[in-house]
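First the structure, in the form of structure tokens, and then the observations on it.
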Amino acid sequence: MEGDGPGGGEGLTLLGLWPSLFVIRARIALNLKGLTYVYTEESLYEKSELLLKSNPVHKKVPVLIHDGKPVCESQIIVQYIDEAFPNVACAPILPSDPYDRAVARFWASYVDDMLYRTWVPIFRGRTAEERVQAATQVVAVLQTLEQAFKKCSKGKPFFGGDSLGLVDVVLGGHLGWLYATEAICGVKVVDATKTPLLVAWAERFCALDAVKGLIPDVDRLVEYNKTRRAGLGLPLLLPYVELQQ
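Structure, rendered in structure tokens:
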């Protein structure tokens with residue numbers, strides 16, 4: 002858990018940014034393992050020397066620093082935490098069975114390859130129509146993930162079964178922005194009429210102690226989106242409700 006200094010985490014520091022879904026993943030994994038860590042908020046515009054030194058290739062957060070050694074990229078960080086800190090008090094994030102582990106990695110990659118890629122135009126789209134079109138694509142991706150949930154969960158509460166697994170952590174980091182999509186472009190993507198299993202999963206996910214306080218509020222994310230769009234020279238667009246199906 003976040004703290005003012007290391008303890009139980011053997012010298013852990015996480016460099017992050019509060020609205021980043023990738024950072025949220027790392028923080029959830031740290032919380033699941035019951036680890037104490039130092040959290041350092043970075044700036045998009047004035048990146049710290051520590052960040053530039055720790056991630057000289059991409060120069061992005063999150064970066065986990067463990068005893069002075071940096072680990073970069075959110076999915077790699079989550080898997081590193083799982084392997085470096087086995088904890089008998091909680092189930093592993095990755096399943097022990099090689100096939101189940103491969104399936105989890107496949108769907109975690111799908112989330113980043115498809116869900117994130119289709120959602121980005123909602124954040125940065127230049128027209129209202131572009132953002133609404135992206136939102137409809139996001140719904141289609143979530144419907145595919147609805148089917149994946151049936152397979153991976155095997156009737157249990159989470160993709161990982163009785164406890165959070167890799168896909169839960171990776172997809173869960175998106176929830177704040179998925180909830181904010183309706184306020185941003187007028188299309189509800191987390192919709193019980195289209196993906197009832199995922200909606201129920203999301204409610205269970207957000208209620209967990211390891212997750213509470215990490216998913217940003219919709220209003221805060223909407224204001225952040227406005228600020229970022231202004232900084233990128235993009236027009237301020239109101240939700241284009243007329244284009245909803």
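For the sequence shown, position 76 matches number 77 in the working numbering, and the numbering has no gaps at all.
Ideal placement from N, C-alpha and C gives every residue a C-beta, glycine not left out.
Nothing here was measured: the structure is a model prediction, and the numbers come from that model.
C-beta contact flag for residue i and residue j at 8 Å
i    : j    : result
C186 : A141 : no
L15  : L31  : yes
L36  : L95  : no
L199 : L165 : no
L45  : L18  : yes
A85  : P63  : no
V133 : T119 : no
L13  : H67  : yes
K48  : K60  : yes
G126 : F23  : no
G162 : K152 : no
A149 : V190 : no
L238 : W178 : no
C73  : N56  : yes
A105 : Q76  : no
Local conformation of residue i per DSSP, three classes
i    : result
L146 : helix
G214 : coil
L13  : strand
C153 : helix
D113 : helix
P96  : coil
N226 : helix
T137 : helix
G234 : coil
C91  : coil
P240 : coil
T119 : helix
F86  : coil
A208 : coil
R132 : helix
R127 : coil
Residues bridged to residue i [DSSP beta-bridge criterion]
i    : result
C287 : Any answer about residue 287 is impossible in this case: the structure gives the chain only from 2 up to 246.
Alpha carbon of residue i to alpha carbon of residue j, nearest angstrom
i    : j    : result
Q245 : V188 : Residue placement at Q245 is flagged as unreliable, the pLDDT there being 44, under the threshold of 50; a coordinate-derived value is accordingly withheld.
G100 : F107 : The residue you asked about is not Gly; residue 100 is Tyr in the sequence shown. Roughly 11 Å separates the two Cα atoms.
A169 : D192 : Residue 169 is actually Asp in this sequence, not Ala. Straight-line Cα distance between these residues: approximately 18 Å.
Y180 : E204 : 12 Å
V58  : P122 : 25 Å
Y40  : R230 : 26 Å
G232 : M115 : 26 Å
I25  : G214 : 10 Å
T228 : S97  : 43 Å
L235 : N226 : 10 Å
F206 : V219 : 17 Å
T196 : P217 : 22 Å
V171 : V112 : 7 Å
G157 : A103 : The residue asked about is misnamed: residue 157 is Lys in this sequence, not Gly. Going by the C-alpha atoms only, they are around 19 Å apart.
T194 : Y117 : 22 Å
L1   : V212 : Lying before the first or after the last residue shown, residue 1 is absent from the chain, which here runs from 2 to 246.
P240 : E224 : 14 Å
D83  : P93  : 6 Å
D210 : E131 : 37 Å
A208 : A201 : 11 Å
Complete runs of the alpha helix (DSSP H) confined to the segment 156 to 200 [at least 4 residues]: 167 to 173, 176 to 186
In the segment 15 to 59, which residue ranges form an unbroken beta strand (DSSP E) of at least 3 residues, counting only runs that do not cross its ends? 38 to 42
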